[in-house]
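**Q**
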């Protein structure tokens, strides 16, 4: 593959939390390791979030400082831009508007990661715009429900990719109406997560999540409501630590006192997620210091049999930390045994924890092998670019 100029369109500056940052860094560094000239750009009307002030703001100072630091650390210094198109003249950092427009004209392709970008006239100058969907189900349902705006938006992209690897198969119930969705998965630069340390005796199964995020992203389809939030899924399995005979830990912010007590009464340790979310290196250390991950998937991913898998869980695997997670259909493609175990019932959770505890070293090795085989950034991205015609 000859070197290309590729733009990663993302949202690290507007949503500067560690999980989002790592998701984008894997794309940037993975593409760099394939030999490409990689640029990172945010260009839209979304106001940035300032985690130091805990507020949405017009000020791009925090976003620009953070992006400059990331660019220095991860090899894209001088190749990034933040363009805030709100409140009159665009607020620019990294490039001026003329430089950004030249980049769009000159680049070979751009990855619209998580469909994060509205398509303004400048962006439409990109010759090969690639859509990467991280949250399968929502867009497909909107198309099936006759949403012409969504269909027009998707049609502006040359290729559509989705983390829902079962989308378009008989297992996924939503008709595609002529749109072709190609399967992909989160790229992970596995050596960023590799560690020679072993969990201490006090280490636990952990996970990190937003707690209650249902609302505007819940979606109704054919008489059923499909929820965006994981909170109800976690509540269904709140008794898992007590059943398994050991505490689990969750980095999340549960506001409801009754819900919080239910978790504490069932041997969950709850920790503040905000410190982790502001520091991407501390977030990584938290994962590497864990025994493994126990987590749930969003209702939408589970009931639609999407085959989705978490980018955060892939990082646990890369760290050699076994993952026990809710089945979405991903085991059709990988995992389901050593290192990565899926469950549908509480009894299967108990069996999975017992299996990992019976031979932790074997499951730890297998976790790392799965990450390198199925999520290694260079493999995932070389396949994506080849199928996208780049």
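Numbering (our numbering), first residue to last: 2 to 391. The beta-carbon is built from N, C-alpha and C at its ideal position, and this holds for glycine as well. In this text, all values refer to a predicted model and were calculated from it rather than measured experimentally.
Between the alpha carbons of residue 258 and residue 295, how many angstroms are there, rounded?
**A** Translated into positions along the chain shown, residue 258 becomes position 257. Translated into positions along the chain shown, residue 295 becomes position 294. Between residue 258 and residue 295, the C-alpha separation is close to 23 Å.
**Q** Distance, Cα to Cα, residue 245 vs residue 353?
**A** By one-based count along the chain shown, residue 245 stands at place 244. By one-based count along the chain shown, residue 353 stands at place 352. When rounded, the distance between both Cα atoms is 9 Å.
**Q** Out of curiosity, what's the CA-to-CA distance linking residue 4 and residue 32?
**A** Stepping through the chain shown from its first residue, residue 4 is reached at position 3. Stepping through the chain shown from its first residue, residue 32 is reached at position 31. If I take the Cα positions, the gap works out to 10 Å.
**Q** Which whole-angstrom value describes the C-beta separation of residue 23 and residue 281, a residue pair presumed to lie in contact below a C-beta threshold of 8 Å?
**A** By one-based count along the chain shown, residue 23 stands at place 22. By one-based count along the chain shown, residue 281 stands at place 280. With 8 Å as the limit, residue 23 and residue 281 qualify as a contact, their Cβ atoms being about 6 Å apart.
**Q** Compute the Euclidean distance between the alpha carbons of residue 139 and residue 218, then round it to the nearest angstrom.
**A** Translated into positions along the chain shown, residue 139 becomes position 138. Translated into positions along the chain shown, residue 218 becomes position 217. Whole-angstrom Cα-Cα distance: 8 Å.
**Q** For the beta strand (DSSP E) that contains residue 99, what are its first and last residues?
**A** Counting from one through the chain shown, the residue named residue 99 turns up at place 98. If you look at residue 99, you'll find it isn't in any beta strand (DSSP E); it sits in the alpha helix (DSSP H) that goes 98-107.
**Q** Do residue 48 and residue 59 have their beta-carbon atoms positioned less than 8 Å apart in this structure?
**A** The residue you call residue 59 lines up with position 58 of the chain shown. The residue you call residue 48 lines up with position 47 of the chain shown. Going by C-beta atoms, residue 59 is nearer than 8 Å to residue 48.
**Q** Residue range of the alpha helix (DSSP H) that residue 335 falls in?
**A** Here residue 335 refers to the residue found at position 334 of the chain shown. It is not in any alpha helix (DSSP H) - residue 335 carries neither H nor E in the DSSP assignment.
**Q** Given this structure, state the Cα-to-Cα distance separating residue 305 from residue 175, to the nearest angstrom.
**A** Along the chain shown, one-based indexing puts residue 305 at 304. Along the chain shown, one-based indexing puts residue 175 at 174. Taking the straight line joining both Cα atoms gives about 8 Å.
**Q** So what does DSSP say about residue 93, is it helix, strand or coil?
**A** For the purposes of this step, residue 93 is taken as residue 92 along the chain shown, with counting starting at 1. Strand.
**Q** Jot down the residue ranges of each uninterrupted beta strand (DSSP E) in the region 158-244, minimum 3 residues, whole runs only, in chain order.
**A** Runs of the beta strand (DSSP E) inside the region 158-244: 160-163, 182-184, 206-209, 220-222, 225-227.
**Q** Short of 7 Å in beta carbon distance, which residues of its chain neighbour residue 313, apart from the five on each side in sequence? Order them along the chain.
**A** The residue labelled residue 313 in the question sits at position 312 within the chain shown. Apart from the 5 residues on each side of it in sequence, residue 313 sits with its Cβ closer than 7 Å to the Cβ of 20, 209 in its chain, given in chain order.
**Q** Does the separation of the CB atoms of residue 86 and residue 121 fall below 8 Å?
**A** Position 85 of the chain shown holds residue 86. Position 120 of the chain shown holds residue 121. Taking 8 Å as the Cβ cut-off, residue 86 and residue 121 qualify as a contacting pair.
**Q** Any idea if residue 55 is buried or exposed, counting beta-carbon neighbours within 10 angstroms, 16 or more meaning buried?
**A** As a first step, residue 55 must be located in the chain shown, where it is residue number 54. Exposed.
**Q** Grab me the residues of residue 16's own chain with a C-beta within less than 7 Å of its C-beta, minus the 5 sequence neighbours each way, in chain order.
**A** In the chain shown, the residue the question calls residue 16 occupies position 15. Cβ neighbours of residue 16 beyond the five flanking positions: 50.
**Q** Enumerate, from N- to C-terminal direction, the unbroken beta strand (DSSP E) stretches of 3 or more residues contained entirely within the region 269-294.
**A** 269-272
**Q** If distances are taken between C-alpha atoms only, which option among 222, 192, 233 comes closest to residue 211?
**A** Position 210 of the chain shown, counted from the start, is the residue given in the question as residue 211. If we check each option's Cα against that of residue 211, 233 comes out closest.
**Q** Do you know how far the Cα of residue 134 is from the Cα of residue 186?
**A** Looking up residue 186 in the chain shown gives position 185. Looking up residue 134 in the chain shown gives position 133. Cα to Cα, residue 186 sits roughly 9 Å from residue 134.
**Q** Can you say whether residue 328 is buried or exposed, counting buried as having 16 or more other CB atoms within 10 angstroms of its CB?
**A** As a working mapping, residue 328 is identified with position 327 in the chain shown. Answer is buried; the Cβ neighbour count reaches 16.
**Q** Measuring alpha carbon to alpha carbon, tell me which of 104, 136, 383 ends up nearest residue 128.
**A** In the chain shown, the residue the question calls residue 128 occupies position 127. Nearest of 104, 136, 383 to residue 128, Cα basis: 104.
**Q** So for residue 6, helix, strand or coil by DSSP?
**A** Taking the first residue of the chain shown as position 1, residue 6 is located at position 5. DSSP places residue 6 in strand when its eight states are reduced to three.
**Q** Taking just the CA atoms, how far does residue 190 sit from residue 92?
**A** Within the chain shown, the letter at position 91 stands for residue 92. Within the chain shown, the letter at position 189 stands for residue 190. Taking the straight line joining both Cα atoms gives about 32 Å.
**Q** According to DSSP, what are the bridge partners of residue 84?
**A** On the chain shown, position 83 is the one that residue 84 refers to. BP columns for residue 84 point to 44, 93.
**Q** Reducing DSSP to helix, strand and coil, say where residue 266 ends up.
**A** Taking the chain shown and counting its residues from 1, one reaches residue 266 at position 265. Residue 266 falls in the helix class under three-state DSSP.
**Q** The beta strand (DSSP E) that contains residue 132, what's its start and end?
**A** Translated into the one-based positions of the chain shown, residue 132 becomes position 131. Here the beta strand (DSSP E) through residue 132 covers 130-134.
**Q** Going by CA-CA distance only, name the one from 260, 358, 206 that's closest to residue 239.
**A** Stepping through the chain shown from its first residue, residue 239 is reached at position 238. For residue 239, the nearest C-alpha among the options comes from 260.
**Q** Can you tell me whether residue 275 is buried or exposed? The criterion is at least 16 other CB atoms within 10 Å of its CB, across all chains shown.
**A** By 1-based counting over the chain shown, the position of residue 275 is 274. By the 10 Å Cβ count, residue 275 comes out exposed.
**Q** Cβ atoms of residue 344 and residue 331: under 8 Å apart, would you say?
**A** For the purposes of this step, residue 331 is taken as the residue at position 330 of the chain shown. For the purposes of this step, residue 344 is taken as the residue at position 343 of the chain shown. Not a contact, by the Cβ cut-off of 8 Å.
**Q** Indicate the three-state DSSP secondary structure (helix, strand or coil) for residue 22 in the structure shown.
**A** Looking up residue 22 in the chain shown gives position 21. Reduced to three states, the DSSP call for residue 22 is helix.
**Q** Is the Cβ-Cβ distance between residue 291 and residue 205 less than 8 Å?
**A** Position 290 of the chain shown, counted from the start, is the residue given in the question as residue 291. Position 204 of the chain shown, counted from the start, is the residue given in the question as residue 205. Yes, the pair counts as a contact, with Cβ atoms nearer than the cut-off.
**Q** Contact between the region 155-163 and the region 316-326: three or more CB pairs below 8 Å?
**A** no
**Q** Expressed to the nearest angstrom, what Euclidean distance is found between the alpha-carbon atoms of residue 340 and residue 115?
**A** Locating residue 340 in the chain shown gives position 339, counting from the first residue. Locating residue 115 in the chain shown gives position 114, counting from the first residue. Roughly 27 Å between the two C-alpha positions.
**Q** Determine the extent of the alpha helix (DSSP H) in which residue 386 is found, giving its start and end residues.
**A** Taking the chain shown and counting its residues from 1, the one referred to as residue 386 is at position 385. Segment 378-388, the alpha helix (DSSP H) holding residue 386.
**Q** Can you tell me whether residue 355 is buried or exposed, with buried defined as 16 or more other CB within 10 angstroms of its CB?
**A** For the purposes of this step, residue 355 is taken as the residue at position 354 of the chain shown. Burial call: exposed.
**Q** Rounded to the nearest angstrom, what separates residue 357 and residue 325 at their Cα positions?
**A** Position 356 of the chain shown holds residue 357. Position 324 of the chain shown holds residue 325. Between residue 357 and residue 325, the C-alpha separation is close to 9 Å.
**Q** Based on Cα-Cα distance, which residue from 151, 181, 14 lies nearest to residue 388?
**A** Numbered from 1 along the chain shown, position 387 holds the residue referred to as residue 388. Selected option, being the one with the closest Cα: 181.
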